[in-house]
Amino acid sequence: MRLLHYERNAISIVTTGVNTKHIFVTGGVVSSLGKGLTSAAIGLLLERRGIRVRMQKLDPYINVDPGTMSPYQHGEVYVLDDGAETDLDLGHYERFTHSLLSRDSNFTTGRIYSRVIERERRGEYLGNTVQVVPHITNEIKASIRKLAGPEVDVIITELGGTVGDIEGLPFLEAIRQIPLDVGRQNCLFVHLTLIPYLKAAGEAKTKPTQHSVGQLRQIGIQPDVLIVRTERELGRDNAEKIALFCNVDKNAVIEEPDKEFSIYEVPLGLVDHGLDQLIVDKLGLKAEPLDMSQWQDLLHRVRNPEHEVTIAVVGKYMQHKDAYKSIYESLDHAGIAHSSRVLVKRIEAEELEREGPESVLGGVDGILVPGGFGMRGIEGKIDAVRYAREAEIPFFGICLGMQCAVVEFARNVLGYPDANSTEFAGDSEHPVICLLEEQKTIVDKGATMRLGSHPCRLEPGSRAEQCYASDLIHERHRHRYEFNSEYRARFQDAGLLATGVSPDGSLVEIIELADHPWFVAVQFHPEFKSKPQSAHPLFSGFVEAALNRHQQRIHAAL
Ligand code: GLN
Numbered sequence: 000m001r002l003l004h005y006e007r008n009a010i011s012i013v014t015t016g017v018n019t020k021h022i023f024v025t026g027g028v029v030s031s032l033g034k035g036l037t038s039a040a041i042g043l044l045l046e047r048r049g050i051r052v053r054m055q056k057l058d059p060y061i062n063v064d065p066g067t068m069s070p071y072q073h074g075e076v077y078v079l080d081d082g083a084e085t086d087l088d089l090g091h092y093e094r095f096t097h098s099l100l101s102r103d104s105n106f107t108t109g110r111i112y113s114r115v116i117e118r119e120r121r122g123e124y125l126g127n128t129v130q131v132v133p134h135i136t137n138e139i140k141a142s143i144r145k146l147a148g149p150e151v152d153v154i155i156t157e158l159g160g161t162v163g164d165i166e167g168l169p170f171l172e173a174i175r176q177i178p179l180d181v182g183r184q185n186c187l188f189v190h191l192t193l194i195p196y197l198k199a200a201g202e203a204k205t206k207p208t209q210h211s212v213g214q215l216r217q218i219g220i221q222p223d224v225l226i227v228r229t230e231r232e233l234g235r236d237n238a239e240k241i242a243l244f245c246n247v248d249k250n251a252v253i254e255e256p257d258k259e260f261s262i263y264e265v266p267l268g269l270v271d272h273g274l275d276q277l278i279v280d281k282l283g284l285k286a287e288p289l290d291m292s293q294w295q296d297l298l299h300r301v302r303n304p305e306h307e308v309t310i311a312v313v314g315k316y317m318q319h320k321d322a323y324k325s326i327y328e329s330l331d332h333a334g335i336a337h338s339s340r341v342l343v344k345r346i347e348a349e350e351l352e353r354e355g356p357e358s359v360l361g362g363v364d365g366i367l368v369p370g371g372f373g374m375r376g377i378e379g380k381i382d383a384v385r386y387a388r389e390a391e392i393p394f395f396g397i398c399l400g401m402q403c404a405v406v407e408f409a410r411n412v413l414g415y416p417d418a419n420s421t422e423f424a425g426d427s428e429h430p431v432i433c434l435l436e437e438q439k440t441i442v443d444k445g446a447t448m449r450l451g452s453h454p455c456r457l458e459p460g461s462r463a464e465q466c467y468a469s470d471l472i473h474e475r476h477r478h479r480y481e482f483n484s485e486y487r488a489r490f491q492d493a494g495l496l497a498t499g500v501s502p503d504g505s506l507v508e509i510i511e512l513a514d515h516p517w518f519v520a521v522q523f524h525p526e527f528k529s530k531p532q533s534a535h536p537l538f539s540g541f542v543e544a545a546l547n548r549h550q551q552r553i554h555a556a557l
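Residue numbers for the sequence shown follow numbering that gives the first Met the number 0, beginning at 0 and rising by one.
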């Protein structure tokens with residue numbers, strides 16, 4: 000009976016979108032090898048060869064999604080148009096490829112188990128013992144094959160974590176089985192590992208990679224391609240040794256040295272080692288000749304900036320390189336758009352509280368306060384806004400950053416000293432930021448914020464409208480609190496304008512200061528829609544304003 004059920008499931012998996020092929024990207028030896036970036040780079044190369052890709056990430060942790068995790072644990076939570084709260088690697092996928100992403104593009108153990116348990120409760124497995132193999136593995140396979148279809152040539156599925164993790168096993172078992180369903184020739188296993196260089200021995204060490212591949216082979220997966228991260232050049236001898244011990248073709252050991260300069264070098268490095276052609280050949284794909292000229296132009300501009308500008312980002316997790324990942328990337332994109340290098344000064348809001356704004360912000364060309372949650376550092380962020388407003392430094396507030404700007408203005412211009420967000424002071428006499436109406440009855444924390452893409456109308460003639468060159472935009476949100484519209488007229492009269500509102504007029508999405516070189520704050524997250532070759536219009540406008548300030552200061556000093 001169980002076998003019958005399993006077969007039925009397997010057949011339904013095979014029959015959907017039979018022509019779509021698979022690339023699976025696994026990681027070995029250590030985490031943080033840049034698997035997300037490498038997967039995105041593979042997607043980019045295939046797209047440049049005319050192949051239609053869909054990107055996907057499987058995360059073996061138990062949380063249903065990363066939305067409830069601290070940035071310390073997980074880095075940024077990346078939000079998609081459909082409101083899915085996902086892993087930050089999906090940001091790399093969107094920035095490097097045109098792959099459509101949705102909540103089907105990121106699965107966790109928690110999500111897979113929830114589905115299986117729901118189905119069990121509905122009686123869909125009546126009579127059976129529900130087990131990791133085949134029920135969990137079938138659910139994983141179905142979640143991967145769901146992306147297949149006539150409009151997709153290749154699904155690139157990245158598996159989070161490192162081979163050897165206990166929680167990754169069902170995922171590895173599932174991807175081991177997919178070739179049985181769709182044909183081995185339609186699947187490619189790419190394994191990313193590290194070859195450490197031991198200074199004392201003066202040698203690159205291949206043993207950890209051999210062990211990692213050994214572990215994969217024990218599970219039944221023979222990698223087709225090894226991408227090895229190296230600190231120093233590997234040399235042909237080592238590459239051949241790895242090929243022999245790991246049972247892969249010599250030309251399928253691809254070296255990926257550390258890129259000190261820019262992440263945009265990664266795809267070009269892979270091309271130099273022939274990875275695009277290797278994949279095309281191994282999967283028997285119909286492909287066009289590779290054209291990387293646009294990407295080379297991009298890299299040229301990154302390497303040869305004409306100007307430099309310093310932007311302070313005032314937040315909470317400044318030691319964590321990935322906590323505001325998309326913001327840093329978007330600032331880079333805006334720099335590229337203006338042939339400039341953007342230097343980011345990361346400032347802990349609590350440091351600003353201790354040291355005062357002048358000592359930490361003096362000399363910067365622009366100030367950005369990003370999104371966030373919780374009380375810690377909030378007064379430092381508010382001080383940063385005040386400093387930007389009074390010293391006429393270009394200011395960009397994002398989500399919590401906009402809320403801080405509203406509180407600052409209420410306190411220091413409208414004259415309400417206790418003005419606050421009800422997130423931080425429930426009993427404030429002037430709750431200028433308050434809970435969204437729809438949030439008032441919500442108890443659960445997971446996936447319950449105002450999430451995903453929403454339309455917004457822009458005020459004609461506003462700075463925002465000038466930046467976007469459009470009066471209707473769609474941006475992604477992730478928040479529970481909003482501008483308290485009862486105060487709108489008072490702010491407006493004092494010069495803080497609501498220049499972007501929801502189409503029904505009820506929610507303020509963008510505010511601007513009329514009397515300031517560049518002071519724009521938004522309730523949404525523009526950083527999720529910026530790309531290297533098309534910087535987000537607001538980031539671009541902000542960096543341009545910062546560049547102007549920089550130039551003015553240079554001239555004033557002459
Ligand atoms: N904590 C604020 C809210 O929930 C801001 C959220 C954010 O910055 N993403 O509204």
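Where a beta carbon is used, it is the ideal one built from N, C-alpha and C, also for glycine.
By a C-beta neighbour count over all protein chains shown, 10 Å radius and 16 as the cutoff for buried, is residue i buried or exposed?
| i | result |
| --- | --- |
| Gly66 | buried |
| Ser11 | With a pLDDT of 48 at Ser11, under the threshold of 50, the modelled position of this residue cannot be trusted; read the value that follows with caution. The residue in question, Ser11, is exposed, as its Cβ has fewer than 16 Cβ neighbours within 10 Å. |
| Tyr60 | buried |
| Ile441 | exposed |
| Arg375 | exposed |
| Pro416 | exposed |
| Thr14 | Annotation note: pLDDT 46 at Thr14 (below 50); position unreliable, no value reported. |
| Lys140 | buried |
| Ile116 | exposed |
| Thr108 | buried |
| Asn419 | buried |
| Glu305 | exposed |
| Leu495 | buried |
| Tyr71 | exposed |
| Arg7 | Because Arg7 sits at a pLDDT of 47, beneath the cut-off of 50, its placement in the model cannot be relied upon, and the point is left open. |
| Ile283 | The residue asked about is misnamed: residue 283 is Gly in this sequence, not Ile. It counts as exposed. |
| Leu197 | exposed |
| Leu2 | With a pLDDT of only 39 at Leu2, under the threshold of 50, the placement of this residue in the model should not be trusted; the figure read from the coordinates follows. Looking at its Cβ environment, which holds fewer than 16 other Cβ atoms inside 10 Å, Leu2 is exposed. |
| Ile553 | exposed |
| Met0 | The predicted position of Met0 is uncertain, since its pLDDT is 36 and thus under 50; no value can be drawn from it. |
| Ile165 | exposed |
| Lys285 | exposed |
Between the Cα of residue i and the Cα atoms of the options, which residue gives the shortest distance?
| i | options | result |
| --- | --- | --- |
| Ala348 | Ile335, Leu342, Val368 and Asp364 | Val368 |
| Ile509 | Lys530, Met448 and Gln402 | Gln402 |
| Ser31 | Thr136, Thr192, Gly109 and Val507 | Thr192 |
| Gln551 | Pro454, Gln491, Leu434 and Val363 | Val363 |
| Gln201 | Arg231, Cys186 and Val181 | Note that residue 201 is Gly in the sequence shown here, rather than Gln. Looking at the Cα atoms, Arg231 is the closest of the given residues. |
| Glu481 | Gln438, Gln465 and Leu330 | Gln438 |
| Leu274 | Pro536, Glu407 and Leu45 | Leu45 |
| Pro356 | Glu328, Ile377, Leu330 and Tyr386 | Tyr386 |
| Asp492 | Pro304, Phe408, Val151 and Val312 | Phe408 |
| Pro222 | Val247, Leu360, Thr108 and Lys344 | Val247 |
| Ala468 | Val384, Arg479, Arg456 and His476 | Arg456 |
| His429 | Gly283, Arg487, Ile111 and Ser292 | Arg487 |
| His524 | Gly373, Arg477, Ser38 and Glu485 | Arg477 |
| Tyr316 | His73, Leu36 and Thr37 | His73 |
| Val313 | Asn62, Ala404, Ile432 and Met54 | Ala404 |
| Lys281 | Phe372, Ser358 and Gly182 | Gly182 |
What does residue i pair with, by DSSP beta-bridge criteria?
| i | result |
| --- | --- |
| His190 | Thr25 and Leu225 |
| Gly42 | None; Gly42 has no bridge partner. |
| Ala383 | DSSP, once it has assigned bridges, lists no residue as partnering Ala383. |
| Gln55 | Thr156 |
| Thr421 | Note: Thr421 sits in no beta bridge, so no partner. |
| Val212 | Beta-bridge pairing links Val212 to no other residue. |
| Arg449 | His478 |
| Leu407 | What sits at residue 407 in the sequence shown is Glu, not Leu. Beta-bridge pairing links Glu407 to no other residue. |
| Cys455 | Ile472 |
| Phe574 | Only positions 0 to 557 of the chain appear in this structure, which leaves residue 574 out of reach. |
Segment contact, 8 angstroms Cβ cut-off, at least three pairs: the region 213 to 221 with the region 46 to 55: no
Stretch pair the region 139 to 154 + the region 18 to 26: three plus CB contacts closer than 8 angstroms: yes
Contact between the region 164 to 173 and the region 194 to 212 (3+ Cβ pairs under 8 angstroms): no
Inter-stretch contact (C-beta, 8 angstroms, three-pair minimum) for the region 535 to 546 and the region 385 to 395: yes
contact_flag[the region 120 to 137, the region 510 to 521] where n(CB pairs < 8 angstroms) is 3 or more: no
Cβ contact (3+ pairs, closer than 8 angstroms) linking the region 28 to 43 and the region 125 to 136: No, because fewer than three Cβ pairs between the region 28 to 43 and the region 125 to 136 fall closer than 8 angstroms, the two stretches do not touch.
Inter-stretch contact (C-beta, 8 angstroms, three-pair minimum) for the region 176 to 195 and the region 85 to 98: With the cut-off at 8 angstroms, the region 176 to 195 and the region 85 to 98 do not touch.
Touch test, the region 177 to 186 against the region 77 to 85, Cβ-Cβ under 8 angstroms, three pairs minimum: Judged by pairs of C-beta atoms under 8 angstroms, the region 177 to 186 does not touch the region 77 to 85, as fewer than three such pairs exist.
Stretch-stretch touch, CB-based, cutoff 8 angstroms, three pairs: the region 312 to 327 with the region 297 to 304: Counting C-beta pairs closer than 8 angstroms gives fewer than three between the region 312 to 327 and the region 297 to 304, which falls short of the contact rule.
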